[in-house]
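Quick note on numbering: the working numbering labels position 10 of the sequence shown as 793, and the sequence is numbered without any gaps. Working notes for the structure below.
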Amino acid sequence: MVRMEKLQRLLSLNPLAFVYYNFFCRNIIRDKGKYIFPNWGSRIELNRTAKIYLHAHMMLNVNKYPYSNAECYLRLRRGAEMKVNGKVSMFYGGTIEVHNNAKLNIGSCSVQTGTVIICAYLMTIGQGCLISRMAYISDSDHHRVFDDEGNITNWPKETIIGDNVWIGVKATVMKGAKIKSGSAIGANTVVGGRVKEHTFIMEEPPREFGKINWSTEGFPEGKNSDDRQ
């Protein structure tokens, strides 16, 4: 049975992609004995100035159904950095994007099917985290919101998820969230603030926050919440 499981894992691996990304791709800097495992259907796009630092294994497009064409997506744009500090298992249908000059630090975690992680500024995900299906995690709104005087009110903010955090199904972790270790975020819950250690958070009733103006434009490169107009 163990041999059969090993054979299945081996057959799931794209051998040419494995060799290229681990031994020839200059974007990936590996610790000795640490590898990226791109299974068939792994879609990887790395800008020539982007870097991935592998301090642990990274498994891509895992847990697929037999003969499935399901894919997962890993994209790092210009100047982006991603540090893999613990074993990451990214399931089929998942997406991780690191935008221009952004930095993502990610520890050992399971990124389940349909989850989207977009780092546009600065994000940390700790060790031993479980990210359930169709969760969304980001450190930016990706489009500008203005007040009546034309000032941007929604600059990107650092997002931090501590160790041993469980993110529930369809939960949303917004920019500026600081989730302490040992916490759990309930299904369909939106978190944009601080969560204490070993705390369970569930969705609150929606409420109105006032009038806004907004734009389809992205944020100026290198700008964040400390660079207010």
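All residues carry an ideal CB built from backbone N, CA and C; glycine is no exception.
Residue i vs residue j beta-carbon contact at 7 Å
i       : j       : result
Gly1017 : Ser915  : Look at the range of the chain in this structure, 784 to 1012, and you will see that residue 1017 is not part of it.
Ala839  : Lys870  : yes
Ile879  : Ile908  : no
Leu913  : Ser893  : yes
Arg927  : Glu1004 : no
Leu796  : Ser825  : no
Thr942  : Lys958  : yes
Met873  : Cys855  : yes
Asn888  : Arg861  : no
Val956  : Ile984  : no
Gln895  : Asp946  : no
Same chain, Cβ closer than 7 Å to residue i, neighbours up to 5 away in sequence not counted
i      : result
Arg813 : Asn805, Leu837
Lys953 : Met917, Ala918, Ala970, Asn971
His925 : Ala903, Gly1001
Cβ neighbour criterion (16 or more within 10 Å) applied to residue i
i      : result
Asp922 : buried
His981 : exposed
Asn934 : exposed
Ser875 : The amino acid occupying residue 875 in the given sequence is Tyr; Ser does not appear at that position. Under this definition Tyr875 is a buried residue.
Arg977 : exposed
Tyr850 : exposed
Gly816 : exposed
Gly975 : exposed
Leu794 : exposed
Own chain residues within Cβ distance below 6 Å of residue i, not counting five before or after
i       : result
Glu828  : Arg858
Glu864  : Lys834, Lys886
Val948  : Cys912, Ile962, Ser966
Lys1027 : Residue 1027 lies beyond the range of the chain shown here (784 to 1012); nothing can be said about it.
Trp823  : Asn797
Lys979  : Lys963
Met906  : Leu887, Asp922, Thr942
Glu986  : Asn971, Thr972
Whole-angstrom C-beta distance between residue j and residue i, which should lie under 8 Å
i      : j      : result
Pro821 : Phe801 : 6 Å
Proximal residues to residue i (C-beta, below 8 Å), its chain only, five neighbours per side dropped
i      : result
Glu991 : Any answer about Glu991 is weak, because its pLDDT of 47 lies below 50 and its placement is not dependable; what the coordinates show is given next. No residues qualify anywhere along the chain.
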